[in-house]
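Add 1 to the 1-based position in the sequence shown for this note's numbering, that's all there is to it.
A virtual CB, placed ideally from N, CA and C, is assigned to each residue, including glycine.
Since this is a predicted model, take the numbers as computed values, not measurements.
Structure first, then comments.
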Amino acid sequence: MSLAYDIDTVADAAPNDLEAFWMGFTANRAFKRRPRMVSRAKDMHYYTPEGRAILDGSAGLWCSNAGHNRDPIVAAIQKQAAEMDFAPTFQFGHPLAFRAASRIAELAPGDLDHVFFCNSGSEAGDTALKIALAFHAVTGKGTRTRLIGRERGYHGVGFGGITVGGISPNRRFFGSLLAGADHLPHTYDREKQAFSKGEPEWGAERAEALEGIVALHDAQTIAAVIVEPMAGSTGGLPAPKGYLKRLREICDKYGILLIFDEVITGFGRLGFPFAAERYGVVPDMITFAKGVTSGAVPMGGVIVRKHIYDTFMNGPDHVIELFHGYTYSGHPLACAASIATLDLYRDEGLFERARALEPTFADAVMTLKGKPGILDIRTVGLVAAFDMASKPEGIGKRAYEAMESAFHDQGLMFRVTGDTIAVSPPLIISESQVGELVEKVGKTIDAVM
Ligand SMILES: Cc1ncc(COP(=O)(O)O)c(C=O)c1O
Numbered sequence: 002m003s004l005a006y007d008i009d010t011v012a013d014a015a016p017n018d019l020e021a022f023w024m025g026f027t028a029n030r031a032f033k034r035r036p037r038m039v040s041r042a043k044d045m046h047y048y049t050p051e052g053r054a055i056l057d058g059s060a061g062l063w064c065s066n067a068g069h070n071r072d073p074i075v076a077a078i079q080k081q082a083a084e085m086d087f088a089p090t091f092q093f094g095h096p097l098a099f100r101a102a103s104r105i106a107e108l109a110p111g112d113l114d115h116v117f118f119c120n121s122g123s124e125a126g127d128t129a130l131k132i133a134l135a136f137h138a139v140t141g142k143g144t145r146t147r148l149i150g151r152e153r154g155y156h157g158v159g160f161g162g163i164t165v166g167g168i169s170p171n172r173r174f175f176g177s178l179l180a181g182a183d184h185l186p187h188t189y190d191r192e193k194q195a196f197s198k199g200e201p202e203w204g205a206e207r208a209e210a211l212e213g214i215v216a217l218h219d220a221q222t223i224a225a226v227i228v229e230p231m232a233g234s235t236g237g238l239p240a241p242k243g244y245l246k247r248l249r250e251i252c253d254k255y256g257i258l259l260i261f262d263e264v265i266t267g268f269g270r271l272g273f274p275f276a277a278e279r280y281g282v283v284p285d286m287i288t289f290a291k292g293v294t295s296g297a298v299p300m301g302g303v304i305v306r307k308h309i310y311d312t313f314m315n316g317p318d319h320v321i322e323l324f325h326g327y328t329y330s331g332h333p334l335a336c337a338a339s340i341a342t343l344d345l346y347r348d349e350g351l352f353e354r355a356r357a358l359e360p361t362f363a364d365a366v367m368t369l370k371g372k373p374g375i376l377d378i379r380t381v382g383l384v385a386a387f388d389m390a391s392k393p394e395g396i397g398k399r400a401y402e403a404m405e406s407a408f409h410d411q412g413l414m415f416r417v418t419g420d421t422i423a424v425s426p427p428l429i430i431s432e433s434q435v436g437e438l439v440e441k442v443g444k445t446i447d448a449v450m
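In structure tokens form, the structure reads like this:
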């Protein structure tokens, strides 16, 4: 067995020949041949085991919105680990879980007042779908079992999430999924939307497809519609102007619950605590994860409107109202991290900062328009996506090369999907770092065209 790294010199960052770890959503063989390894992080940067700085152009995996290893978050986690490592939140409780829930609910619009905790965006998606089904069952509308997602949507990797998700490779090996689901069309049309800054003018009409789905299946069979306010994983598709409002209207007309998956768009990515506020639309549930702890400890959850929660608070009061939950729901370390993160967002005004920076960021990324092989650039909040022409070898090859080149040659981390480069830096990024980020993306594109 050949050792790719010397254990002693890289402080266990790469402890062996890398074979034991089957990495998710990764081209394992290519990665292990030429690893993109990081072992330390601070603020806007990762550092390789050799000490090379890598500008974080993706907030880790869209999660480190406050930047990395922020002192107050680190201190809160350390303090909590020393105080109480774990406590159940089934039939027992601990104060931090209640405090974290209140803080999160305070940030949500309207009467989104109650928080159900889990540990990831995938669990949040499945939890929201289960709450929707249970809500209809409890209110005597047990025929409402259909779940409606959207083409190109991503709601994690649970069976519920991939059922309503619309990214084909995430679904195709996994059988028939949940019965009865259907999908709205996605909202992207390059001819009508290319190089839009912010919400595209065209596309609200795509919401009308929900009327067709209702006509086909009958409203009485439909439990919920779930969409991302900005479809992230598929390559950054902002909601067209008016689209989400129209979905809300149609859901209201037919008694269908509307769920926003804000796992990416929550906690400042679009310049607001939740994108729901940016769009002036109150969904029935919001799923969140990632930015709630700035990625420091896994945490996810679902925020539900008062009327949904109240519906369950019925029957004898010693009886469990919802048979659902995770051992680590409201984990003390996650709650401590979350409260410290929300304090930091507030104290540093990071959501407002993202909003203020959006025009500068958008102008900067659009300077790459006109580069050979760039088919579209989209941007909203602190998100940008660059569609590159595919190589003759097939979709994804150019983007893979771009990811390698960015990391090894430019000192930059970003996400790729298909042949799209997606950029979503921590909200603490400075204006000069925006310039640096765009310059590095530009050089990377030049290198792989
Ligand atoms: C919109 C959305 N929902 C759900 C998820 C799944 O989150 P997790 O990977 O934490 O399960 C993601 C992850 O990127 C996401 O972007």
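Ligand 1 heavy atom lying under 7 Å from the CB of residue i
i: histidine 187; result: no
i: alanine 277; result: no
i: histidine 46; result: no
i: tyrosine 1; result: In the structure displayed, the chain extends from 2 to 450; residue 1 sits before or after that span and is not available.
i: glycine 167; result: no
i: serine 339; result: no
i: aspartate 262; result: yes
i: alanine 290; result: yes
i: leucine 62; result: yes
i: serine 295; result: no
i: serine 121; result: yes
i: glycine 301; result: yes
i: serine 406; result: no
i: serine 330; result: no
i: serine 234; result: yes
i: isoleucine 265; result: yes
i: glycine 58; result: no
i: glycine 350; result: no
i: glycine 374; result: no
i: glycine 126; result: yes
Residue i (DSSP reduced to helix, strand or coil)
i: arginine 37; result: coil
i: glycine 443; result: helix
i: isoleucine 149; result: strand
i: tyrosine 48; result: strand
i: valine 320; result: coil
i: valine 158; result: coil
i: leucine 178; result: coil
i: valine 417; result: strand
i: methionine 367; result: helix
i: proline 186; result: coil
i: aspartate 114; result: strand
i: lysine 43; result: strand
i: valine 449; result: helix
i: isoleucine 8; result: Confidence in isoleucine 8 is poor, its pLDDT being 42 and thus under 50, which makes the residue's placement unreliable; the coordinate value appears in the next sentence. Correct three-state label for isoleucine 8: coil.
i: methionine 314; result: coil
i: proline 239; result: strand
i: isoleucine 422; result: strand
i: leucine 438; result: helix
i: methionine 231; result: strand
i: arginine 354; result: helix
i: valine 298; result: coil
i: arginine 306; result: strand
i: histidine 69; result: strand
i: methionine 2; result: At methionine 2, the pLDDT of 36 sits below 50, so the modelled position is not reliable; the number obtained from the coordinates is stated separately. Of the three classes helix, strand and coil, the one that applies to methionine 2 here is coil, per DSSP.
Extent of the continuous beta strand (DSSP E) to which residue i belongs
i: histidine 218; result: No beta strand (DSSP E) holds histidine 218; the alpha helix (DSSP H) holding it covers 210-218.
i: aspartate 57; result: 54-57
i: aspartate 348; result: It is not in any beta strand (DSSP E) - aspartate 348 instead sits in the alpha helix (DSSP H) that spans 333-348.
i: isoleucine 105; result: Segment 96-108 is the alpha helix (DSSP H) holding isoleucine 105; no beta strand (DSSP E) there.
i: alanine 225; result: 223-228
Residue i, enclosing alpha helix (DSSP H) - first and last residue
i: glycine 126; result: 122-139
i: leucine 62; result: 60-63
i: arginine 207; result: It is not in any alpha helix (DSSP H) - arginine 207 carries neither H nor E in the DSSP assignment.
i: arginine 191; result: 191-194
i: lysine 80; result: 72-84
Residue i Cβ short of 7 Å to ligand 3 heavy atom set
i: glutamate 229; result: Ligand 3 is absent from the structure shown, which contains only ligand 1.
Assess, as a yes-or-no matter, whether the region 123-138 is touched by the region 360-375 under the definition of 3 or more beta carbon pairs within less than 8 Å.
-> no
Is the region 405-421 in contact with the region 252-271, if contact means three or more CB pairs nearer than 8 Å?
-> no
When the Cβ atoms of the region 321-340 are set against those of the region 75-86, are three or more pairs found closer than 8 Å?
-> yes
Can you list, in chain order, the stretches of the beta strand (DSSP E) that have 3 or more residues and sit fully within the region 244-294?
-> 258-262 and 286-289
Please go through the region 373-399 and give each complete beta strand (DSSP E) segment of 3 or more residues, from N-terminal end onward.
-> 375-381 and 384-389
Touching or not, the region 431-438 and the region 346-364, by the rule of three or more beta carbon pairs under 8 Å?
-> yes
Evaluate contact between the region 95-104 and the region 195-205, counting only Cβ atoms and requiring at least three cross-stretch pairs below 8 Å.
-> no
Does the region 282-292 touch the region 171-182, meaning 3 or more C-beta pairs lie closer than 8 Å?
-> no
Between the region 91-102 and the region 337-357, do three or more beta carbon pairs fall short of 8 Å?
-> yes
Are three or more beta carbon pairs between the region 208-223 and the region 386-400 nearer than 8 Å?
-> no
Take every Cβ of the region 68-77, pair it with every Cβ of the region 234-253, and state whether three or more of those distances are shorter than 8 Å.
-> no
Assess, as a yes-or-no matter, whether the region 107-114 is touched by the region 266-285 under the definition of 3 or more beta carbon pairs within less than 8 Å.
-> yes
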